[in-house]
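> When you read off a place in the sequence shown, starting at 1, and then add 149, the result is the number in our numbering.
Beta carbons: idealized from backbone N, C-alpha and C, even for Gly.
The structure presented is a predicted model; accordingly, all values stated were derived computationally and were not measured.
There's a structure below that I have some questions on.
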Amino acid sequence: MLKVENISKIYKDTNPETLNNINITFPNKGLVYVTGDSQSGKTTLLNILGSIITPTSGKIYLDNKELGIELSFDEYRRNIVDVLYKDNNLLDDLNVFDNISLNIIENKIEKTKEVLNIVGLDGYENKKINSLTILEKQKVAIARFLASNKKILLLDEPTENLDSKSIKKIDSLLSEISKDKLVIIFTYDDNIASYSNSIIKLDKGIIIKDSLSIDDGNIYTITKRKISFSSMFKYSLTILFSNKIRTIISIIISSLTMALTAFAVISSTYDCNEALAKTIYDDNIYLENA
Numbered sequence: 150m151l152k153v154e155n156i157s158k159i160y161k162d163t164n165p166e167t168l169n170n171i172n173i174t175f176p177n178k179g180l181v182y183v184t185g186d187s188q189s190g191k192t193t194l195l196n197i198l199g200s201i202i203t204p205t206s207g208k209i210y211l212d213n214k215e216l217g218i219e220l221s222f223d224e225y226r227r228n229i230v231d232v233l234y235k236d237n238n239l240l241d242d243l244n245v246f247d248n249i250s251l252n253i254i255e256n257k258i259e260k261t262k263e264v265l266n267i268v269g270l271d272g273y274e275n276k277k278i279n280s281l282t283i284l285e286k287q288k289v290a291i292a293r294f295l296a297s298n299k300k301i302l303l304l305d306e307p308t309e310n311l312d313s314k315s316i317k318k319i320d321s322l323l324s325e326i327s328k329d330k331l332v333i334i335f336t337y338d339d340n341i342a343s344y345s346n347s348i349i350k351l352d353k354g355i356i357i358k359d360s361l362s363i364d365d366g367n368i369y370t371i372t373k374r375k376i377s378f379s380s381m382f383k384y385s386l387t388i389l390f391s392n393k394i395r396t397i398i399s400i401i402i403s404s405l406t407m408a409l410t411a412f413a414v415i416s417s418t419y420d421c422n423e424a425l426a427k428t429i430y431d432d433n434i435y436l437e438n439a
């Protein structure tokens, strides 16, 4: 299970602490809401749980292994936790299939179709991200999480820009996923959080409500994932060719930069006095020979 112990976070420009001695033990699976106003510290807690930032003091444990000591932050980010921010973290230059399959080691086509079916986006493999609605982008991001086989999903205001009908669809989807995963939603909307019995409410960096029920089993198994070089090369080429004008401009600018750098180096090593002296010397020799 995921546990934070005596977590505090102090930024140089804030006083008092953004988070003050926070202690939370999360269940292994289920849907948890973290609520609070804009200055409550919930975004800071999101970033700490996602290993985006580190706390000023305190410890984080996963199945009794301390992060940064017994389990590296890189391994935790790569294999255990996924953070879904408001902008979905999708690669606009790639299509839906490429965005999802980036997290799949083998059986990419079958697995991508499977997770798209789960989120209700059958047949969306070749659609461009920019052509999707906000709801569809959210679903693609959730499908990418499912494809990664990670255990914990953190979401920052996942329903903020959605209408009431779309909100119900996302809530229903996340509720289904939480049967096997730990899904933690960070939101200022208490009305949405009221649908769950697992709520943590923050106010000015402290917990004022904690209604979590805990399952003590240790079920997080780490499946190591690594993106192959061939996949990265393919996606890099896709991005380059999908933005031909930008690529050409970048090449021209790079070429000009290198040319100017070379000119500056040559100019810095050119000695005018030495060149003038050599010219005068050569002229004198020519006159003497004449």
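(1) Assuming the contact rule is C-beta atoms closer than 8 Å, R293 and N252 should be a hit. Round their C-beta distance to whole Å, please.
(2) Three or more beta-carbon pairs under 8 Å between the segment 212-223 and the segment 280-300, yes or no?
(3) Work out the CA separation of K260 and V245 for me, nearest whole Å.
(4) Check whether the Cβ atoms of G199 and Y337 lie closer than 8 Å to each other.
(5) Can you check which of these residues, L331, V264 and I159, is closest to I202 by C-alpha distance?
(6) Can you check which of these residues, S187, K161, G207 and K178, is closest to I171 by C-alpha distance?
(7) Can L302 and D231 be called in contact, C-beta distance under 8 Å?
(8) Count the other C-beta atoms from every protein chain shown that fall within 10 angstroms of the C-beta of K235, then say buried if there are 16 or more, exposed otherwise.
(9) Could you please give me the residues that DSSP links to D231 through a beta bridge?
(10) Helix, strand or coil for N172? Go by DSSP, reduced to three states.
(11) So what does DSSP say about V332, is it helix, strand or coil?
(12) Quick one: residues in its chain with C-beta nearer than 8 Å to the C-beta of L295, no 5 flanking neighbours on either side, listed in chain order?
(13) Based on DSSP bridge pairs, tell me the residues matched to Y182.
(14) Could you give the first and the last residue of the continuous beta strand (DSSP E) run that contains D320?
(15) Under three-state DSSP, which class holds L220?
(16) Report yes if the C-beta distance between P204 and I156 is below 8 Å; otherwise report no.
(17) In whole angstroms, what separates the C-alpha of I356 from that of D320?
(18) At which residues does the beta strand (DSSP E) containing D339 begin and terminate?
(19) For K178 versus D329, is the C-beta spacing smaller than 8 Å?
(20) When you compare only the Cα positions, how much space is there between T370 and S403?
(21) Could you spell out where the alpha helix (DSSP H) holding L194 opens and where it closes?
(22) Which whole-angstrom value describes the C-beta separation of Y182 and A342, a residue pair presumed to lie in contact below a C-beta threshold of 8 Å?
(23) How big is the Cα-Cα spacing for E274 and G354?
(24) Between the C-alpha atoms of L195 and F335, what's the straight-line distance to the nearest angstrom?
(25) Contact check, D271 vs T192 under 8 Å by CB: the rounded distance?
Put simply:
(1) Counting from 1 along the sequence shown, the entry for residue 293 is found at position 144. Counting from 1 along the sequence shown, the entry for residue 252 is found at position 103. Their Cβ separation, rounded to whole angstroms, is 6 Å, which keeps R293 and N252 in contact under 8 Å.
(2) no
(3) Position 96 of the sequence shown, counted from the start, is the residue given in the question as residue 245. Position 111 of the sequence shown, counted from the start, is the residue given in the question as residue 260. V245 and K260: Cα-Cα distance of roughly 13 Å.
(4) For the purposes of this step, residue 199 is taken as the residue at position 50 of the sequence shown. For the purposes of this step, residue 337 is taken as the residue at position 188 of the sequence shown. No, Cβ-Cβ distance for G199 and Y337 is not below 8 Å.
(5) Indexing the sequence shown from 1 puts residue 202 at position 53. Checking every option, the nearest Cα to that of I202 belongs to I159.
(6) Counted from its first residue, the sequence shown places residue 171 at position 22. Residue G207 is the option with its Cα nearest to I171.
(7) Taking the first residue of the sequence shown as position 1, residue 302 is located at position 153. Taking the first residue of the sequence shown as position 1, residue 231 is located at position 82. Yes; because the gap between Cβ atoms is below 8 Å, this pair is in contact.
(8) Within the sequence shown, residue 235 is the residue found at index 86, counting from 1. Result: exposed.
(9) For this step, residue 231 is matched to residue 82 along the sequence shown. Per DSSP, L302.
(10) Position 23 of the sequence shown holds residue 172. DSSP places N172 in strand when its eight states are reduced to three.
(11) Stepping through the sequence shown from its first residue, residue 332 is reached at position 183. The answer is strand: DSSP assigns V332 an E or B state.
(12) Here the question's residue 295 lines up with position 146 in the sequence shown. Closer than 8 Å at Cβ, skipping near neighbours: V264, I267, V268 and I326.
(13) Walking along the sequence shown from the start, residue 182 turns up at place 33. For Y182, which the question treats as bridged, DSSP gives the partners I334 and I348.
(14) The sequence position of residue 320 within the sequence shown is 171, counting from 1. Unbroken run through D320 is the alpha helix (DSSP H), S313 to I326; no beta strand (DSSP E).
(15) Translated into positions along the sequence shown, residue 220 becomes position 71. Of the three classes helix, strand and coil, the one that applies to L220 here is strand, per DSSP.
(16) Locating residue 204 in the sequence shown gives position 55, where the first residue counts as 1. Locating residue 156 in the sequence shown gives position 7, where the first residue counts as 1. Yes.
(17) Translated into positions along the sequence shown, residue 356 becomes position 207. Translated into positions along the sequence shown, residue 320 becomes position 171. Using only the alpha carbons, I get a separation of about 24 Å.
(18) Counting from one through the sequence shown, the residue named residue 339 turns up at place 190. Annotation for D339: no beta strand (DSSP E) segment contains it, though the alpha helix (DSSP H) segment containing it runs D339 to A342.
(19) Along the sequence shown, read from residue 1 onward, the residue named residue 178 stands at position 29. Along the sequence shown, read from residue 1 onward, the residue named residue 329 stands at position 180. Cβ atoms of K178 and D329: closer than 8 Å.
(20) Along the sequence shown, read from residue 1 onward, the residue named residue 370 stands at position 221. Along the sequence shown, read from residue 1 onward, the residue named residue 403 stands at position 254. With a pLDDT of only 49 at T370, under 50, the local geometry of the prediction cannot be trusted, and the value read off the model is given with reservation. Their backbone Cα atoms lie some 46 Å apart in a straight line.
(21) Taking the sequence shown and counting its residues from 1, the one referred to as residue 194 is at position 45. Segment K191 to L198, the alpha helix (DSSP H) holding L194.
(22) Residue mapping note: residue 182 aligns to position 33 of the sequence shown, counting from 1. Residue mapping note: residue 342 aligns to position 193 of the sequence shown, counting from 1. A Cβ-Cβ separation of about 4 Å places Y182 in contact with A342 under the 8 Å criterion.
(23) In the sequence shown, residue 274 corresponds to position 125, counting from 1. In the sequence shown, residue 354 corresponds to position 205, counting from 1. Their Cα atoms are separated by approximately 42 Å.
(24) As a working mapping, residue 195 is identified with position 46 in the sequence shown. As a working mapping, residue 335 is identified with position 186 in the sequence shown. Roughly 7 Å between the two C-alpha positions.
(25) Locating residue 271 in the sequence shown gives position 122, where the first residue counts as 1. Locating residue 192 in the sequence shown gives position 43, where the first residue counts as 1. Their Cβ separation, rounded to whole angstroms, is 34 Å, which puts D271 and T192 out of contact at 8 Å.
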